[in-house]
(Lines of atoms letter the chains of each structure in order from A and count residues from 1; the text may use other names and numbers.)
(Lines give C-alpha, C1' and ligand atoms only; values in the text may rest on other atoms or scores of the structure.)
Protein backbone atom coordinates (compact mmCIF):
# COMPACT_ATOMS: atom_id res chain seq x y z
CA UNK A 1 0.00 0.00 0.00
CA UNK A 2 1.40 3.39 -1.06
CA UNK A 3 0.01 6.64 0.36
CA UNK A 4 -0.50 9.55 -2.02
CA UNK A 5 0.94 12.94 -1.15
CA UNK A 6 -1.43 15.89 -1.03
CA UNK A 7 0.09 17.03 -4.33
CA UNK A 8 -0.64 13.66 -5.97
CA UNK A 9 -4.17 13.64 -4.52
CA UNK A 10 -4.92 17.06 -6.00
CA UNK A 11 -4.99 15.55 -9.47
CA UNK A 12 -7.67 13.08 -8.37
CA UNK A 13 -9.70 15.72 -6.52
CA UNK A 14 -9.62 18.05 -9.54
CA UNK A 15 -11.56 15.58 -11.68
CA UNK A 16 -15.27 16.05 -12.23
CA UNK A 17 -17.75 14.49 -14.61
CA UNK A 18 -15.90 13.16 -17.63
CA UNK A 19 -12.92 15.51 -17.11
CA UNK A 20 -9.68 13.61 -16.51
CA UNK A 21 -6.39 14.87 -15.09
CA UNK A 22 -3.97 12.89 -17.20
CA UNK A 23 -0.83 13.26 -19.23
CA UNK A 24 -0.73 11.94 -22.81
CA UNK A 25 2.28 11.23 -24.96
CA UNK A 26 1.64 11.01 -28.72
CA UNK A 27 4.41 9.10 -30.47
CA UNK A 28 4.92 8.52 -34.19
CA UNK A 29 6.96 5.45 -35.17
CA UNK A 30 8.26 4.84 -38.70
CA UNK A 31 7.08 1.32 -39.43
CA UNK A 32 8.63 0.57 -42.80
CA UNK A 33 11.36 -1.11 -40.74
CA UNK A 34 11.24 -3.29 -37.66
CA UNK A 35 8.51 -5.51 -36.28
CA UNK A 36 4.91 -4.25 -36.59
CA UNK A 37 3.61 -2.36 -33.55
CA UNK A 38 0.29 -3.96 -32.66
CA UNK A 39 -1.80 -4.52 -29.56
CA UNK A 40 -0.51 -8.09 -29.41
CA UNK A 41 3.17 -7.13 -29.71
CA UNK A 42 2.84 -4.30 -27.17
CA UNK A 43 0.95 -6.53 -24.74
CA UNK A 44 3.75 -9.08 -24.95
CA UNK A 45 6.40 -6.40 -24.38
CA UNK A 46 4.69 -4.69 -21.45
CA UNK A 47 3.81 -7.97 -19.74
CA UNK A 48 7.56 -8.65 -19.47
CA UNK A 49 8.28 -5.19 -18.03
CA UNK A 50 5.53 -4.54 -15.49
CA UNK A 51 7.91 -5.40 -12.65
CA UNK A 52 10.26 -2.62 -13.85
CA UNK A 53 7.54 0.05 -14.05
CA UNK A 54 5.67 0.01 -10.71
CA UNK A 55 3.09 2.73 -11.55
CA UNK A 56 1.60 0.55 -14.27
CA UNK A 57 0.50 -1.83 -11.50
CA UNK A 58 -1.03 0.76 -9.16
CA UNK A 59 -4.76 0.93 -8.59
CA UNK A 60 -6.31 3.71 -6.53
CA UNK A 61 -8.30 2.82 -3.40
CA UNK A 62 -10.34 5.41 -1.52
CA UNK A 63 -10.25 5.73 2.27
CA UNK A 64 -13.71 5.29 3.85
CA UNK A 65 -15.61 8.56 4.40
CA UNK A 66 -12.67 10.34 2.69
CA UNK A 67 -10.89 10.47 6.04
CA UNK A 68 -7.54 10.40 4.25
CA UNK A 69 -6.06 10.70 0.80
CA UNK A 70 -6.49 7.70 -1.49
CA UNK A 71 -3.80 5.02 -1.58
CA UNK A 72 -2.30 2.93 -4.37
CA UNK A 73 -2.11 -0.84 -4.17
CA UNK A 74 -0.47 -3.29 -6.57
CA UNK A 75 -3.31 -4.75 -8.62
CA UNK A 76 -3.64 -7.56 -11.10
CA UNK A 77 -3.19 -6.02 -14.55
CA UNK A 78 -5.38 -7.27 -17.37
CA UNK A 79 -3.51 -5.83 -20.34
CA UNK A 80 -6.50 -6.30 -22.64
CA UNK A 81 -8.10 -3.42 -20.71
CA UNK A 82 -5.06 -1.19 -21.19
CA UNK A 83 -3.71 -1.81 -24.71
CA UNK A 84 -6.09 -1.23 -27.62
CA UNK A 85 -5.71 -0.59 -31.35
CA UNK A 86 -7.82 0.74 -34.20
CA UNK A 87 -7.51 1.94 -37.77
CA UNK A 88 -8.25 5.58 -38.53
CA UNK A 89 -11.49 6.14 -40.43
CA UNK A 90 -9.54 8.32 -42.86
CA UNK A 91 -5.76 7.96 -43.21
CA UNK A 92 -4.83 11.55 -42.35
CA UNK A 93 -3.44 13.57 -39.46
CA UNK A 94 -6.68 15.51 -38.89
CA UNK A 95 -8.57 12.29 -38.16
CA UNK A 96 -5.84 11.33 -35.70
CA UNK A 97 -5.99 14.75 -34.03
CA UNK A 98 -9.72 14.32 -33.42
CA UNK A 99 -9.12 10.92 -31.81
CA UNK A 100 -6.30 12.25 -29.63
CA UNK A 101 -8.53 15.11 -28.41
CA UNK A 102 -11.14 12.57 -27.28
CA UNK A 103 -8.51 10.51 -25.46
CA UNK A 104 -6.93 13.50 -23.74
CA UNK A 105 -10.21 14.68 -22.25
CA UNK A 106 -11.75 11.34 -21.27
CA UNK A 107 -11.46 10.27 -17.65
CA UNK A 108 -9.47 7.12 -16.92
CA UNK A 109 -11.25 4.40 -14.95
CA UNK A 110 -10.22 4.14 -11.30
CA UNK A 111 -11.31 0.50 -11.16
CA UNK A 112 -8.03 -0.55 -12.79
CA UNK A 113 -4.51 0.99 -12.88
CA UNK A 114 -4.89 4.42 -14.45
CA UNK A 115 -3.10 4.17 -17.79
CA UNK A 116 -3.89 3.19 -21.35
CA UNK A 117 -2.17 2.76 -24.70
CA UNK A 118 -4.03 3.42 -27.95
CA UNK A 119 -2.35 2.28 -31.19
CA UNK A 120 -3.59 3.86 -34.41
CA UNK A 121 -2.98 2.33 -37.84
CA UNK A 122 -3.72 3.84 -41.23
CA UNK A 123 -1.09 6.56 -41.65
CA UNK A 124 1.44 5.91 -44.46
CA UNK A 125 4.53 4.07 -43.11
CA UNK A 126 3.70 5.37 -39.62
CA UNK A 127 2.08 3.96 -36.50
CA UNK A 128 0.79 6.45 -33.94
CA UNK A 129 0.79 5.45 -30.29
CA UNK A 130 -0.89 7.43 -27.51
CA UNK A 131 0.09 6.59 -23.94
CA UNK A 132 -2.20 8.07 -21.31
CA UNK A 133 -1.09 8.16 -17.68
CA UNK A 134 -2.87 9.74 -14.73
CA UNK A 135 -1.01 12.73 -13.31
CA UNK A 136 -1.40 11.45 -9.74
CA UNK A 137 0.92 8.58 -10.69
CA UNK A 138 3.75 10.56 -12.27
CA UNK A 139 4.82 14.05 -13.25
CA UNK A 140 6.47 14.77 -16.60
CA UNK A 141 9.94 13.69 -15.48
CA UNK A 142 8.72 10.46 -13.90
CA UNK A 143 6.65 9.72 -17.00
CA UNK A 144 9.84 9.53 -19.07
CA UNK A 145 10.93 6.53 -16.99
CA UNK A 146 7.63 4.82 -17.71
CA UNK A 147 8.34 5.33 -21.40
CA UNK A 148 10.95 2.59 -20.94
CA UNK A 149 8.07 0.12 -20.85
CA UNK A 150 7.45 0.92 -24.51
CA UNK A 151 10.73 1.70 -26.22
CA UNK A 152 13.73 -0.47 -27.04
CA UNK A 153 16.55 -0.16 -24.51
CA UNK A 154 20.27 -0.87 -24.85
CA UNK A 155 20.04 -3.25 -21.90
CA UNK A 156 17.64 -6.15 -22.10
CA UNK A 157 14.92 -6.14 -19.46
CA UNK A 158 15.03 -9.13 -17.16
CA UNK A 159 11.87 -11.06 -17.91
CA UNK A 160 10.01 -11.70 -14.67
CA UNK A 161 6.54 -12.82 -13.62
CA UNK A 162 3.87 -10.15 -13.03
CA UNK A 163 3.93 -8.22 -9.78
CA UNK A 164 1.76 -10.11 -7.26
CA UNK A 165 -1.54 -8.34 -6.62
CA UNK A 166 -2.09 -7.03 -3.11
CA UNK A 167 -5.34 -7.85 -1.35
CA UNK A 168 -7.43 -4.71 -0.98
CA UNK A 169 -6.88 -3.31 2.53
CA UNK A 170 -9.71 -3.55 5.03
CA UNK A 171 -11.67 -0.42 5.92
CA UNK A 172 -10.06 -0.44 9.36
CA UNK A 173 -6.55 -0.71 7.89
CA UNK A 174 -7.24 2.15 5.46
CA UNK A 175 -8.57 4.45 8.19
CA UNK A 176 -5.73 3.59 10.60
CA UNK A 177 -3.07 4.24 7.95
CA UNK A 178 -4.84 7.46 6.88
CA UNK A 179 -4.97 8.81 10.43
CA UNK A 180 -1.29 8.06 10.98
CA UNK A 181 -0.30 9.69 7.68
CA UNK A 182 -2.55 12.69 8.39
CA UNK A 183 -0.93 13.29 11.77
CA UNK A 184 2.55 13.18 10.23
CA UNK A 185 1.52 15.56 7.41
CA UNK A 186 -0.06 18.01 9.82
CA UNK A 187 2.97 17.94 12.09
CA UNK A 188 5.25 18.64 9.15
CA UNK A 189 2.93 21.24 7.62
CA UNK A 190 2.45 23.20 10.85
CA UNK A 191 6.22 23.26 11.35
CA UNK A 192 6.65 24.72 7.87
CA UNK A 193 3.81 27.24 8.27
CA UNK A 194 5.90 30.43 8.76
CA UNK A 195 7.83 29.78 5.54
CA UNK A 196 4.70 28.61 3.72
CA UNK A 197 2.76 31.79 4.54
CA UNK A 198 5.64 33.92 3.28
CA UNK A 199 5.45 32.14 -0.08
CA UNK A 200 1.70 31.83 -0.65
CA UNK A 201 2.00 34.02 -3.74
CA UNK A 202 4.01 31.21 -5.36
CA UNK A 203 1.09 28.76 -5.07
CA UNK A 204 -0.84 28.95 -8.37
CA UNK A 205 -4.25 28.07 -6.94
CA UNK A 206 -4.05 30.62 -4.12
CA UNK A 207 -2.36 33.71 -5.52
CA UNK A 208 -5.53 35.04 -7.14
CA UNK A 209 -7.47 35.12 -3.87
CA UNK A 210 -7.96 38.60 -2.35
CA UNK A 211 -5.05 39.69 -0.19
CA UNK A 212 -2.84 36.61 -0.68
CA UNK A 213 -0.05 38.39 -2.57
CA UNK A 214 -0.02 41.31 -0.16
CA UNK A 215 0.00 39.01 2.88
CA UNK A 216 2.93 36.95 1.59
CA UNK A 217 4.95 40.05 0.71
CA UNK A 218 4.24 41.67 4.06
CA UNK A 219 5.44 38.57 5.94
CA UNK A 220 8.73 38.47 4.06
CA UNK A 221 9.21 42.25 4.26
CA UNK A 222 8.72 42.83 0.54
CA UNK A 223 5.73 45.18 0.61
CA UNK A 224 7.01 47.53 -2.09
CA UNK A 225 7.62 44.85 -4.74
CA UNK A 226 5.21 45.24 -7.68
CA UNK A 227 2.26 42.86 -7.74
CA UNK A 228 1.83 40.50 -10.70
CA UNK A 229 -1.89 40.55 -11.50
CA UNK A 230 -2.98 38.21 -14.28
CA UNK A 231 -5.38 39.87 -16.74
CA UNK A 232 -8.60 37.99 -17.40
CA UNK A 233 -8.55 36.21 -20.76
CA UNK A 234 -10.52 33.50 -22.50
CA UNK A 235 -7.92 31.05 -21.18
CA UNK A 236 -9.36 31.48 -17.67
CA UNK A 237 -12.61 29.68 -18.44
CA UNK A 238 -14.43 26.81 -16.81
CA UNK A 239 -13.82 23.65 -18.82
CA UNK A 240 -16.36 22.21 -21.21
CA UNK A 241 -16.49 18.43 -21.79
CA UNK A 242 -14.33 18.61 -24.94
CA UNK A 243 -10.69 19.31 -25.75
CA UNK A 244 -8.76 20.93 -28.57
CA UNK A 245 -5.26 19.59 -29.16
CA UNK A 246 -2.45 20.41 -31.56
CA UNK A 247 1.19 19.47 -31.93
CA UNK A 248 4.23 20.28 -34.01
CA UNK A 249 8.01 20.55 -33.91
CA UNK A 250 10.65 23.24 -34.37
CA UNK A 251 14.40 22.68 -34.97
CA UNK A 252 16.42 22.69 -31.77
CA UNK A 253 19.44 24.08 -33.67
CA UNK A 254 17.44 27.21 -34.57
CA UNK A 255 16.49 27.73 -30.93
CA UNK A 256 20.10 27.23 -29.83
CA UNK A 257 21.38 29.71 -32.43
CA UNK A 258 19.04 32.36 -30.99
CA UNK A 259 20.10 31.41 -27.47
CA UNK A 260 23.77 31.84 -28.36
CA UNK A 261 23.29 35.11 -30.23
CA UNK A 262 21.40 36.78 -27.39
CA UNK A 263 23.31 35.13 -24.52
CA UNK A 264 20.21 33.60 -22.95
CA UNK A 265 18.84 30.09 -22.28
CA UNK A 266 16.80 27.64 -24.33
CA UNK A 267 13.99 28.07 -21.81
CA UNK A 268 14.04 31.85 -22.36
CA UNK A 269 13.59 31.27 -26.09
CA UNK A 270 10.75 28.79 -25.50
CA UNK A 271 8.90 31.28 -23.30
CA UNK A 272 9.42 34.05 -25.87
CA UNK A 273 8.07 31.77 -28.63
CA UNK A 274 4.99 31.01 -26.51
CA UNK A 275 4.47 34.69 -25.69
CA UNK A 276 4.81 35.77 -29.31
CA UNK A 277 2.38 33.08 -30.44
CA UNK A 278 -0.14 34.04 -27.77
CA UNK A 279 0.13 37.71 -28.75
CA UNK A 280 -0.51 36.82 -32.40
CA UNK A 281 -3.47 34.62 -31.45
CA UNK A 282 -5.03 37.19 -29.11
CA UNK A 283 -4.51 39.91 -31.73
CA UNK A 284 -6.47 37.79 -34.20
CA UNK A 285 -9.34 37.30 -31.74
CA UNK A 286 -9.96 40.66 -30.12
CA UNK A 287 -6.55 41.99 -29.14
CA UNK A 288 -4.02 41.14 -26.41
CA UNK A 289 -4.38 42.71 -22.95
CA UNK A 290 -2.19 45.73 -22.22
CA UNK A 291 -0.67 43.87 -19.26
CA UNK A 292 1.50 40.78 -19.77
CA UNK A 293 -0.08 37.38 -19.29
CA UNK A 294 1.13 35.44 -16.26
CA UNK A 295 2.25 31.82 -16.66
CA UNK A 296 2.60 28.95 -14.23
CA UNK A 297 5.84 27.11 -15.05
CA UNK A 298 6.15 23.74 -13.26
CA UNK A 299 9.71 22.92 -12.20
CA UNK A 300 10.94 19.49 -11.16
CA UNK A 301 12.36 19.05 -7.66
CA UNK A 302 13.06 15.36 -8.22
CA UNK A 303 16.37 14.11 -6.88
CA UNK A 304 18.24 12.04 -9.51
CA UNK A 305 18.32 8.32 -8.73
CA UNK A 306 15.95 8.76 -5.76
CA UNK A 307 14.36 5.52 -4.59
CA UNK A 308 10.90 7.14 -4.60
CA UNK A 309 11.00 8.26 -8.21
CA UNK A 310 7.32 8.30 -9.14
CA UNK A 311 4.41 10.51 -8.12
CA UNK A 312 4.81 14.29 -8.32
CA UNK A 313 7.89 16.24 -7.25
CA UNK A 314 7.38 19.75 -8.57
CA UNK A 315 7.37 23.36 -7.49
CA UNK A 316 6.24 26.43 -9.37
CA UNK A 317 7.65 29.49 -11.07
CA UNK A 318 5.10 32.26 -11.52
CA UNK A 319 6.24 34.73 -14.16
CA UNK A 320 4.84 37.41 -16.47
CA UNK A 321 5.46 36.62 -20.12
CA UNK A 322 5.93 39.30 -22.83
CA UNK A 323 2.59 39.15 -24.62
CA UNK A 324 2.35 42.96 -24.27
CA UNK A 325 5.43 43.71 -26.41
CA UNK A 326 5.21 43.97 -30.20
CA UNK A 327 8.88 43.34 -31.01
CA UNK A 328 10.22 39.77 -31.03
CA UNK A 329 13.70 40.74 -29.79
CA UNK A 330 12.15 42.78 -26.96
CA UNK A 331 10.11 39.72 -26.02
CA UNK A 332 13.31 37.67 -25.77
CA UNK A 333 14.92 40.26 -23.51
CA UNK A 334 11.83 40.51 -21.29
CA UNK A 335 11.57 36.71 -21.00
CA UNK A 336 15.23 36.42 -20.04
CA UNK A 337 15.13 39.02 -17.28
CA UNK A 338 11.74 38.14 -15.80
CA UNK A 339 12.49 34.41 -15.76
CA UNK A 340 15.82 35.03 -14.01
CA UNK A 341 14.04 37.09 -11.34
CA UNK A 342 11.25 34.50 -11.01
CA UNK A 343 13.77 31.66 -10.62
CA UNK A 344 15.56 33.56 -7.87
CA UNK A 345 12.22 34.06 -6.16
CA UNK A 346 11.37 30.35 -6.46
CA UNK A 347 14.77 29.30 -5.11
CA UNK A 348 14.02 31.31 -1.96
CA UNK A 349 10.95 29.13 -1.34
CA UNK A 350 11.15 25.52 -0.10
CA UNK A 351 11.01 22.90 -2.89
CA UNK A 352 8.18 21.18 -0.99
CA UNK A 353 6.01 24.34 -1.02
CA UNK A 354 3.13 22.86 -3.05
CA UNK A 355 2.80 20.05 -0.49
CA UNK A 356 3.57 22.18 2.57
CA UNK A 357 0.64 24.48 1.85
CA UNK A 358 -1.77 21.52 1.87
CA UNK A 359 -0.38 19.41 4.68
CA UNK A 360 -1.84 21.26 7.71
CA UNK A 361 -5.36 20.75 6.32
CA UNK A 362 -7.19 17.51 7.29
CA UNK A 363 -7.96 15.42 4.21
CA UNK A 364 -11.81 15.70 4.35
CA UNK A 365 -11.59 19.51 4.54
CA UNK A 366 -8.84 19.62 1.92
CA UNK A 367 -11.07 17.84 -0.58
CA UNK A 368 -13.85 20.40 -0.14
CA UNK A 369 -11.37 23.29 -0.21
CA UNK A 370 -9.70 21.99 -3.38
CA UNK A 371 -13.01 21.74 -5.21
CA UNK A 372 -13.95 25.23 -4.01
CA UNK A 373 -10.65 26.66 -5.23
CA UNK A 374 -11.03 24.99 -8.62
CA UNK A 375 -14.44 26.62 -8.96
CA UNK A 376 -13.09 30.01 -7.81
CA UNK A 377 -10.24 29.94 -10.33
CA UNK A 378 -12.69 30.05 -13.23
CA UNK A 379 -15.13 32.48 -11.60
CA UNK A 380 -15.59 35.91 -13.15
CA UNK A 381 -15.82 37.34 -9.64
CA UNK A 382 -12.21 36.57 -8.66
CA UNK A 383 -8.91 37.62 -10.20
CA UNK A 384 -7.27 34.85 -12.25
CA UNK A 385 -4.23 33.45 -10.41
CA UNK A 386 -2.42 32.83 -13.71
CA UNK A 387 -3.45 32.63 -17.36
CA UNK A 388 -1.94 29.39 -18.59
CA UNK A 389 0.55 26.59 -17.93
CA UNK A 390 3.85 26.37 -19.85
CA UNK A 391 6.24 23.47 -19.31
CA UNK A 392 9.61 22.78 -20.92
CA UNK A 393 11.12 19.33 -20.29
CA UNK A 394 14.51 18.06 -21.43
CA UNK A 395 14.08 14.77 -23.26
CA UNK A 396 16.47 12.22 -24.77
CA UNK A 397 19.05 13.46 -27.28
CA UNK A 398 19.52 10.01 -28.79
CA UNK A 399 16.96 8.33 -31.01
CA UNK A 400 14.55 5.78 -29.52
CA UNK A 401 12.70 2.93 -31.19
CA UNK A 402 10.04 0.31 -30.53
CA UNK A 403 10.42 -3.18 -31.98
CA UNK A 404 13.13 -1.65 -34.18
CA UNK A 405 10.78 1.03 -35.55
CA UNK A 406 12.37 4.49 -35.02
CA UNK A 407 10.52 7.00 -32.85
CA UNK A 408 10.11 10.10 -35.03
CA UNK A 409 8.45 12.52 -32.60
CA UNK A 410 7.14 12.51 -29.03
CA UNK A 411 4.44 15.13 -28.52
CA UNK A 412 3.50 15.89 -24.88
CA UNK A 413 -0.15 16.68 -24.14
CA UNK A 414 -0.65 17.61 -20.52
CA UNK A 415 -3.48 18.49 -18.19
CA UNK A 416 -5.73 21.56 -18.04
CA UNK A 417 -8.05 22.64 -15.23
CA UNK A 418 -10.96 24.97 -14.59
CA UNK A 419 -9.44 28.44 -14.84
CA UNK A 420 -6.30 27.05 -16.56
CA UNK A 421 -7.83 26.17 -19.93
CA UNK A 422 -4.56 26.21 -21.90
CA UNK A 423 -1.40 24.14 -21.48
CA UNK A 424 1.69 24.39 -23.71
CA UNK A 425 4.27 21.67 -23.08
CA UNK A 426 7.59 21.34 -24.90
CA UNK A 427 9.88 18.29 -24.83
CA UNK A 428 13.24 18.12 -26.55
CA UNK A 429 13.90 14.95 -28.53
CA UNK A 430 16.98 14.41 -30.70
CA UNK A 431 17.36 17.61 -32.76
CA UNK A 432 13.90 19.09 -32.31
CA UNK A 433 11.57 20.63 -29.77
CA UNK A 434 8.30 18.70 -29.85
CA UNK A 435 5.36 20.90 -28.82
CA UNK A 436 1.99 19.76 -27.52
CA UNK A 437 -0.88 22.16 -26.85
CA UNK A 438 -4.07 21.27 -24.99
CA UNK A 439 -6.96 23.71 -24.72
CA UNK A 440 -10.61 23.65 -23.85
CA UNK A 441 -12.53 23.18 -27.10
CA UNK A 442 -14.84 26.13 -26.39
CA UNK A 443 -12.39 28.59 -24.82
CA UNK A 444 -9.36 27.69 -26.97
CA UNK A 445 -10.53 26.08 -30.22
CA UNK A 446 -7.52 27.52 -32.09
CA UNK A 447 -4.70 25.34 -30.73
CA UNK A 448 -3.59 24.41 -34.27
CA UNK A 449 -3.20 28.11 -35.08
CA UNK A 450 -1.09 28.51 -31.92
CA UNK A 451 1.36 25.93 -33.26
CA UNK A 452 1.57 27.89 -36.53
CA UNK A 453 2.08 31.10 -34.54
CA UNK A 454 4.98 29.57 -32.59
CA UNK A 455 6.63 28.59 -35.87
CA UNK A 456 6.03 32.10 -37.24
CA UNK A 457 7.59 33.61 -34.12
CA UNK A 458 10.68 31.43 -34.58
CA UNK A 459 10.86 32.44 -38.25
CA UNK A 460 10.76 36.11 -37.23
CA UNK A 461 13.59 35.62 -34.73
CA UNK A 462 15.60 33.71 -37.36
CA UNK A 463 15.11 36.61 -39.77
CA UNK A 464 16.35 39.07 -37.15
CA UNK A 465 19.34 36.80 -36.58
CA UNK A 466 20.19 36.82 -40.30
CA UNK A 467 19.84 40.59 -40.50
CA UNK A 468 22.16 41.10 -37.52
CA UNK A 469 24.71 38.75 -39.12
CA UNK A 470 24.89 40.96 -42.23
CA UNK A 471 25.48 44.19 -40.31
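Numbering (the UniProt record's numbering), first residue to last: 1 to 471.
Glycine included, C-beta positions come from ideal geometry on N, C-alpha and C.
What's the C-alpha gap between residue i and residue j?
i	j	result
residue 267	residue 174	43 Å
residue 351	residue 123	44 Å
residue 458	residue 49	40 Å
residue 130	residue 223	48 Å
residue 349	residue 85	45 Å
residue 137	residue 60	10 Å
residue 7	residue 312	7 Å
residue 437	residue 453	12 Å
residue 35	residue 367	47 Å
residue 166	residue 51	14 Å
residue 234	residue 128	31 Å
residue 241	residue 418	11 Å
residue 221	residue 469	46 Å
residue 186	residue 102	39 Å
residue 345	residue 333	19 Å
residue 211	residue 202	13 Å
residue 310	residue 71	14 Å
residue 182	residue 172	15 Å
residue 279	residue 75	47 Å
residue 382	residue 209	7 Å
residue 369	residue 80	37 Å
residue 444	residue 55	32 Å
residue 93	residue 424	20 Å
residue 39	residue 215	54 Å
residue 285	residue 380	20 Å
residue 110	residue 358	23 Å
residue 114	residue 460	42 Å
Short of 7 Å in beta carbon distance, which residues of its chain neighbour residue i, apart from the five on each side in sequence? Order them along the chain.
i	result
residue 428	252, 394 and 395
residue 329	464
residue 402	29, 37, 150, 151 and 152
residue 277	450, 453, 454 and 457
residue 373	205
residue 356	189, 192, 196 and 350
residue 42	83, 117 and 119
residue 399	406, 407 and 430
residue 264	332 and 336
residue 317	297, 299, 342, 343 and 346
Considering only their Cβ atoms, is the gap separating residue j from residue i smaller than 8 Å?
i	j	result
residue 299	residue 228	no
residue 433	residue 257	no
residue 21	residue 11	yes
residue 168	residue 73	yes
residue 292	residue 323	yes
residue 315	residue 354	yes
residue 421	residue 239	yes
residue 289	residue 360	no
residue 77	residue 57	yes
residue 387	residue 199	no
residue 13	residue 371	yes
residue 207	residue 385	yes
residue 391	residue 140	yes
residue 558	residue 67	Outside the displayed range of the chain (1 to 471) lies residue 558, so it cannot be described from this structure.
residue 321	residue 271	yes
Identify the continuous beta strand (DSSP E) that holds residue i and give its terminal residues.
i	result
residue 59	58 to 61
residue 134	126 to 134
residue 506	Residue 506 cannot be examined here, being either before or after the span of the chain that is shown, 1 to 471.
residue 249	243 to 251
residue 52	First-last for residue 52: undefined, no H or E at that position.
Residues in the same chain with beta-carbon distance under 6 Å from residue i, minus the five sequence neighbours each way, listed in chain order, please.
i	result
residue 149	46, 49 and 53
residue 415	21 and 135
residue 411	26, 247, 434 and 436
residue 408	28 and 30
residue 491	A question about residue 491 goes unanswered here, because the residues of the chain that appear run from 1 up to 471.
residue 18	107 and 241
Which residues mark the beginning and the end of the alpha helix (DSSP H) in which residue i is found?
i	result
residue 451	447 to 470
residue 268	266 to 284
residue 42	39 to 47
residue 315	Careful: residue 315 lies outside any alpha helix (DSSP H), inside the beta strand (DSSP E) at 314 to 321.
residue 294	Segment 293 to 300 is the beta strand (DSSP E) holding residue 294; no alpha helix (DSSP H) there.
residue 212	212 to 219
residue 209	Looking at the DSSP string, residue 209 is not in any alpha helix (DSSP H), and its letter there is neither H nor E.
residue 421	Per DSSP, residue 421 belongs to no alpha helix (DSSP H) and is neither H nor E.
residue 324	Looking at the DSSP string, residue 324 is not in any alpha helix (DSSP H), and its letter there is neither H nor E.
residue 4	Neither: residue 4 is in no alpha helix (DSSP H) and is coded neither H nor E.
residue 141	140 to 146
Excluding the five sequence neighbours on either side, which residues of its own chain have a C-beta within less than 8 Å of the C-beta of residue i, listed in chain order?
i	result
residue 143	23, 25 and 133
residue 301	313, 314, 315, 351 and 352
residue 404	33, 34, 35 and 152
residue 245	97, 100, 101, 104, 413, 436, 437, 438, 439 and 447
residue 364	65, 66 and 67
Assuming residue i contacts residue j (C-beta within less than 8 Å), just tell me the rounded distance between them.
i	j	result
residue 319	residue 275	At roughly 10 Å, the Cβ-Cβ gap does not stay under 8 Å, so residue 319 and residue 275 are not in contact.
residue 243	residue 347	Rounded, the Cβ-Cβ distance is 34 Å, inconsistent with contact.
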